[in-house]
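Input: a single structure, listed below in structure tokens.
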Amino acid sequence: MFIHGAKAAVGLRITGLMAGLALAAGLVGCSNDDGGEAAGPTPTPSPTSSSPVSTPSPTVATSKPPTKVTKKVGSGISGFANAAADPNAVKAGKVPATGQALLDLQTMLAEYEEYGWTVHGKVKVVSQRVISMNDQEAVVRACLDDSGITIRDKSGAKVERNAGGRSLNILTLHREGKTWVVAETKLPAIPTARPPASLEPTPLAQGGRA
0 MFIHGAKAAV GLRITGLMAG LALAAGLVGC SNDDGGEAAG PTPTPSPTSS SPVSTPSPTV
60 ATSKPPTKVT KKVGSGISGF ANAAADPNAV KAGKVPATGQ ALLDLQTMLA EYEEYGWTVH
120 GKVKVVSQRV ISMNDQEAVV RACLDDSGIT IRDKSGAKVE RNAGGRSLNI LTLHREGKTW
180 VVAETKLPAI PTARPPASLE PTPLAQGGRA
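If you're matching positions, the sequence shown starts at 0 in numbering that gives the first Met the number 0 and goes up one per residue.
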């Protein structure tokens, strides 16, 4: 589904992290189960006599279950999701982001600065699971909740924005030293907002990436 109209397209332009994707609402929402592992520690259930036990065939190789999200990977996701609240750190590249993800974040906040907008509140990591992982790269499926985010203008008034809530995100992280940083995100992790009516739509709003 493509989003039509100047305001909607400018919203995509501002968000940046959406990577130009216009997604059906049914694909965006998520729950604890969608993301996989809860963001906080959860107890491991003990097997019971009623639990089915499967015995793999000796001739068939079984695949390993998704890798548990480590503390450092989870820290990178949370830090990236909340980076918009600290524009100076984003400008300086002192956030857990690199490559296209960092560029998109810097572009988004440059436009927020032009409009006089600031981001307040926190994005909550509802649940997360590693889809694939090696020593240098991790692909994580995470459910993020941005309903606690408020965008304000120079006067302190709230800026009208798209409805916040939970969204399913696929994030690619790279290892940099002892930390993990987000290199790519395929679904929105940062809330969108509408620009002041006095601002003209950007070229992207009239037919850029889709």
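Heads up, the beta-carbon is just placed ideally off N, CA and C, and yes, glycines get one too.
Practice problem: Counting only the same chain and skipping the five closest in sequence on each side, list residues whose C-beta sits under 8 angstroms from that of T97. | Solution: H173, E175, V180, V181 and A182
Practice problem: Tell me, to the nearest whole angstrom, how far the beta carbon of V129 is from that of K67; I am working on the premise that it is less than 8 angstroms. | Solution: 7 angstroms
Quiz item: Roughly how many angstroms lie between the CA atoms of F79 and N87, to the nearest whole one?
Solution: Cα-Cα distance, rounded: 14 angstroms.
Quiz prompt | Bridge partner(s) assigned by DSSP for A83 | solution = Its beta-bridge partners do not exist; DSSP assigns none.
Practice problem: Out of W116, M132, K123 and A82, state which residue places its alpha-carbon closest to the alpha-carbon of E159. | Solution: W116
Practice problem: Excluding the 5 residues preceding and the 5 following G147 in the sequence, name in chain order all residues of the same chain whose CB lies nearer than 6 angstroms to its CB. | Solution: G120 and K121
Exercise. With A141 as the anchor, note down where its beta strand (DSSP E) starts and where it stops.
Key: E136 to D144
Exercise. Tell me, please, which residues DSSP counts as bridged to V180.
Key: H173
Quiz prompt | Euclidean distance between Cα positions of E136 and K71 | solution = Computed Cα separation, rounded: 13 angstroms.
Practice problem: Report the option in D103, K123 and L101 whose CA atom is closest to the CA atom of L143. | Solution: K123
Exercise. In angstroms with no decimal places, state the Cα-to-Cα distance between Y114 and K177.
Key: 36 angstroms
Quiz item: Are the beta-carbon atoms belonging to V165 and V138 less than 9 angstroms from one another?
Solution: Here the sequence assigns Arg to residue 165, which means Val is not the residue at that position. Contact: no.
Quiz item: Alpha carbon to alpha carbon, what distance is there between D145 and G73?
Solution: 16 angstroms
Quiz item: If you count every other CB in all the chains shown that lies within 10 Å of the CB of G155, and 16 or more means buried, which is it?
Solution: G155 sits exposed, since fewer than 16 C-beta atoms from the chains shown fall within 10 Å of its C-beta.
Quiz item: So the beta strand (DSSP E) T117 belongs to, where does it begin and stop?
Solution: T117 to H119
Quiz item: I169: which of K157, N133 and Q127 sits nearest, CA to CA?
Solution: Q127
Quiz item: How is S166 classed by DSSP in three states: helix, strand or coil?
Solution: strand
Quiz item: Taking all protein chains shown into account, do 16 or more other C-beta atoms lie within 10 angstroms of the C-beta of N133, making it buried, or fewer, making it exposed?
Solution: Residue environment analysis places N133 among the exposed positions, since fewer than 16 neighbouring C-beta atoms fall within 10 angstroms of its C-beta.
Practice problem: May I ask you to report which of helix, strand or coil DSSP gives T106? | Solution: The answer is helix: DSSP assigns T106 an H, G or I state.
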